[in-house]
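Structure record follows, encoded as structure tokens.
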Amino acid sequence: MIAATDALRAAAVRILDALIASAGEGRAPFRCLTALYLDGEAMPMLMIGTADEQVEDGEAIVLLNPEEDLLDRFKPGVGYHGGLLTEIVSGKCDTMVHVWLDAYSNDADRAKVLASYTPRTLATAPKFQIK
Numbered sequence: 021m022i023a024a025t026d027a028l029r030a031a032a033v034r035i036l037d038a039l040i041a042s043a044g045e046g047r048a049p050f051r052c053l054t055a056l057y058l059d060g061e062a063m064p065m066l067m068i069g070t071a072d073e074q075v076e077d078g079e080a081i082v083l084l085n086p087e088e089d090l091l092d093r094f095k096p097g098v099g100y101h102g103g104l105l106t107e108i109v110s111g112k113c114d115t116m117v118h119v120w121l122d123a124y125s126n127d128a129d130r131a132k133v134l135a136s137y138t139p140r141t142l143a144t145a146p147k148f149q150i151k
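Each residue of the sequence shown is one higher than the one before, counting from 21 in the numbering used here.
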């Protein structure tokens, strides 16, 4: 499922770049639910984080195909890290990445993956309908 992890990281970079550019003054918390297409199938993608135009950085937790209870669990902003984050999402999503983006840098590695999770077995279908 390396492809899904890479796809989530790339989606996080694109969305964070847009949010950082329009965040205004201070840190702007956000939460969005959208679809990510993998192998031609739309899978729900939840992204929670913060963006800061002045500092030009952002941080996001991105979940692919989360269970519905995670939609209510994660509020706008980032408040979970490392082992606690992995414990919360374990068995409740197909893949998770926690990304910090340094918008000052033009390097290919300006998006640092702080944590990631992929289960041993993957769901074969979305856990809920995308409306």
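Beta carbons: idealized from backbone N, C-alpha and C, even for Gly.
Per the C-alpha coordinates, the member of Glu76, Ala43, Arg51 and Gly78 positioned closest to Met65 is Arg51. Membership of Ser136 in the beta strand (DSSP E) is indicated by the continuous run Ala131 to Tyr137.
When rounded, the separation of the alpha-carbon atoms in Ala41 and Arg130 is 16 angstroms. Residue environment for Glu79: buried (at least 16 other C-beta atoms within 10 angstroms of its C-beta). Distance from the CA of Pro49 to the CA of Trp120, rounded to the nearest whole angstrom, comes to 14 angstroms.
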